[in-house]
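Participant: Just dropping this structure here.
This is the structure:
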């Protein structure tokens, strides 16, 4: 088994699951990566690498041509972790959001999870990834 299976209560489980998901993505297994990264985030949202898992979930979804889902992952990353995310993720996030937004606008111009919100829509609480009927993770 893997580290997370053998040591489920260890404080590095979030780290290990994130690395496995990233490795899957690097090896062209975007669907498996998305599933692993989403499970890591949902299973331990306070884990050391939960924010990273959301970021790389977005990257996995982009590889799967699911830009609107990637926008949702990036929006949730910003909303849930904001100023508490590591500096390197804060640096990487704007370009990833811009890429997802461009791809989303090309495919489905009405989504806009990454796009700037109006005052009215910004006041609404963002949904959890996969919770809304239009935004279910299709990994």
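Numbering (the numbering used here), first residue to last: 9 to 147.
All C-beta atoms in this analysis are idealised placements derived from N, C-alpha and C, irrespective of residue type, glycine included.
The structure displayed is predicted, hence computed values, not measured ones.
#1: Please state whether the Cβ-Cβ distance between residue 66 and residue 40 is less than 8 Å.
#2: What are the start and end residues of the alpha helix (DSSP H) that includes residue 51?
#3: Do you know how far the Cα of residue 58 is from the Cα of residue 52?
#4: Find out if the Cβ-Cβ distance for the pair residue 45, residue 26 is shorter than 8 Å.
#5: Using three-state DSSP, classify residue 168 as helix, strand or coil.
#6: Just to check my reading of the structure: residue 49 and residue 69 have Cβ atoms closer than 8 Å, yes? What is that Cβ distance to the nearest angstrom?
#7: Less than 8 Å between the CB atoms is what I'm expecting for residue 33 and residue 71, so what's the real figure, rounded?
#8: My output table needs one value for residue 125: the three-state DSSP class, helix, strand or coil.
#9: Quick one: give me the first and last residue of the alpha helix (DSSP H) that residue 69 is part of.
Facilitator: If we stick to the structure as given:
#1: Residue 40 is positioned such that its CB atom lies no closer than 8 Å to that of residue 66.
#2: 38 to 51
#3: 7 Å
#4: yes
#5: In the structure displayed, the chain extends from 9 to 147; residue 168 sits before or after that span and is not available.
#6: Contact flag wrong, Cβ pair sits at about 13 Å.
#7: Going by Cβ atoms, the distance from residue 33 to residue 71 rounds to 7 Å, so yes, they are a contact pair.
#8: Because the pLDDT of residue 125 is 47, which lies under 50, any placement of that residue in the model is unreliable, and the number read from its coordinates should be weighed accordingly. In the structure shown, residue 125 sits in coil (DSSP, three-state: anything other than H, G, I, E or B).
#9: Per DSSP, the continuous alpha helix (DSSP H) segment holding residue 69 begins and ends at 58 to 71.
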